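These notes concern the structure reproduced below.
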Amino acid sequence: MKTYNIRAVHLIRLDEGTEIVSELKKSCQGMKGGIVKGIGGLDRAKIAVYNPERGEYDVREVIGFHEIASLLGNLSIKKDGERFLHLHVVLGSWRGVIAGHLIEGYVRGTAEIAVFELDGELNRTIEAKGLTLLDL
1 MKTYNIRAVH
11 LIRLDEGTEI
21 VSELKKSCQG
31 MKGGIVKGIG
41 GLDRAKIAVY
51 NPERGEYDVR
61 EVIGFHEIAS
71 LLGNLSIKKD
81 GERFLHLHVV
91 LGSWRGVIAG
101 HLIEGYVRGT
111 AEIAVFELDG
121 ELNRTIEAKG
131 LTLLDL
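Residue 1 is where the sequence shown starts when you use UniProt numbering, and the numbers rise one by one after that.
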């Protein structure tokens with residue numbers, strides 16, 4: 001088991017029309033590990049849910065305004081050095097709630113995100129089933 005301490009907290013506000021995942025990756029340049037939390041709104045998004053029988057993700061596109069009831073995840077480094085954002089999102093509207101891995105999402109109104117930068121490098125490895133898991 002590895003433990004990490006929080007080095008810094010970065011508060012990020014994303015404006016309407018911004019693609020949340022790519023902008024967060026840019027905002028996290030130089031960080032080697034972190035915890036992500038956020039709220040806000042999205043106009044459209046792609047989310048994925050892992051299908052263990054097939055060993056792959058089912059992707060669904062969500063159209064129309066949805067509140068981000070919860071955005072949670074982490075920032076880590078893959079073996080090739082690429083920064084990896086593993087984000088889960090719960091989106092809600094009067095029509096219902098949908099949740100999964102946030103692949104892509106366009107801000108509607110605003111998104112307010114906190115990134116808790118860790119004091120060490122958080123690494124990922126590919127597991128036998130093809131999942132990219134934290135190396136703890």
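Glycine residues also receive a C-beta, built at the ideal position from the N, C-alpha and C atoms. Keep in mind it's a predicted model, so treat the numbers as computed, not measured.
- Burial state of G64 is exposed, judged by a 10 Å Cβ sphere holding fewer than 16 other Cβ atoms.
- Under the three-state reduction of DSSP output, E82 falls in the coil class, being neither helix nor strand.
- Within a 10 Å sphere around the beta-carbon of A69 sit fewer than 16 other beta-carbons, which makes this residue exposed.
- A direct Cα-to-Cα measurement between R83 and R124 gives close to 10 Å.
- Excluding residues up to 5 positions away in sequence, R124 and I126 lie with their Cβ nearer than 6 Å to the Cβ of T132 in the same chain.
- With 16 or more other Cβ atoms from the protein chains shown falling within 10 Å of its own Cβ, G40 counts as buried.
- Where E23 is concerned, the enclosing alpha helix (DSSP H) starts and stops at I20 to S27.
- Residue environment for L102: buried (at least 16 other C-beta atoms within 10 angstroms of its C-beta).
- Secondary structure remark: continuous beta strand (DSSP E) runs of at least 3 residues inside the UniProt domain "PPC" (4 to 136), in chain order: 6 to 15, 34 to 51, 56 to 77, 83 to 93, 96 to 118, 124 to 126 and 132 to 134.
- Residue burial annotation: A8 is exposed, with fewer than 16 other C-beta atoms found within 10 angstroms of its C-beta.
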